[in-house]
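Undergrad: Just dropping this structure here.
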Amino acid sequence: MNALQLFRTGRDYIEIAAMLGMSVPSVETEIHRLRSAEKGDTAQQDHAGAEIRRFPHRIQPGTPVNFFGGQRRRV
Numbered sequence: 020m021n022a023l024q025l026f027r028t029g030r031d032y033i034e035i036a037a038m039l040g041m042s043v044p045s046v047e048t049e050i051h052r053l054r055s056a057e058k059g060d061t062a063q064q065d066h067a068g069a070e071i072r073r074f075p076h077r078i079q080p081g082t083p084v085n086f087f088g089g090q091r092r093r094v
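Position 46, counted from 1, in the sequence shown is what this note's numbering calls 65; the numbers after and before it change by one each time, with no gaps.
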């Protein structure tokens, strides 16, 4: 039996985790993933292998950072 089938029998996450030898957060994730797959929601699978986007340029250490729109204020 998988985590979703055990969940549907009325067991809680702690019991399921003990039976399957998994951690409670991984049981919750697995149940959510299986329920989403049943509904046909594949958004999680589409983004699972996505690369982490990085800034197009790197700011050098020590560069002054202006948080107010990039324009220095003239006094």
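Backbone N, C-alpha and C define an ideal beta-carbon position, used for all residues, glycine too. Keep in mind that this is a model prediction, so the values were computed, not measured.
(1) Tell whether a beta-carbon distance below 8 Å holds between Leu-53 and Leu-25.
(2) Can you tell me whether Ala-36 is buried or exposed? The criterion is at least 16 other CB atoms within 10 Å of its CB, across all chains shown.
(3) At which residue ranges does the stretch 21 to 56 contain complete alpha helix (DSSP H) runs of 4 or more residues, listed in the order of the chain?
(4) Beta carbon of Glu-47, beta carbon of Tyr-32: below 8 Å?
(5) Output the distance between the C-alpha atoms of Pro-44 and His-51, rounded to the nearest integer angstrom.
TA: Considering the structure as presented:
(1) Residue mapping note: residue 53 aligns to position 34 of the sequence shown, counting from 1. Residue mapping note: residue 25 aligns to position 6 of the sequence shown, counting from 1. No. Outside cutoff.
(2) Within the sequence shown, the letter at position 17 stands for residue 36. Taking all protein chains shown into account, Ala-36 has 16 or more neighbouring C-beta atoms within 10 Å of its C-beta and is therefore buried.
(3) Unbroken alpha helix (DSSP H) runs of no fewer than 4 residues, entirely contained in the stretch 21 to 56, are found at 22 to 27 and 32 to 39, following chain order.
(4) Within the sequence shown, residue 47 is the residue found at index 28, counting from 1. Within the sequence shown, residue 32 is the residue found at index 13, counting from 1. Yes, the Cβ-Cβ distance between Glu-47 and Tyr-32 is below 8 Å.
(5) The residue given as residue 44 occupies position 25 in the sequence shown. The residue given as residue 51 occupies position 32 in the sequence shown. Going by C-alpha positions, Pro-44 is about 11 Å away from His-51.
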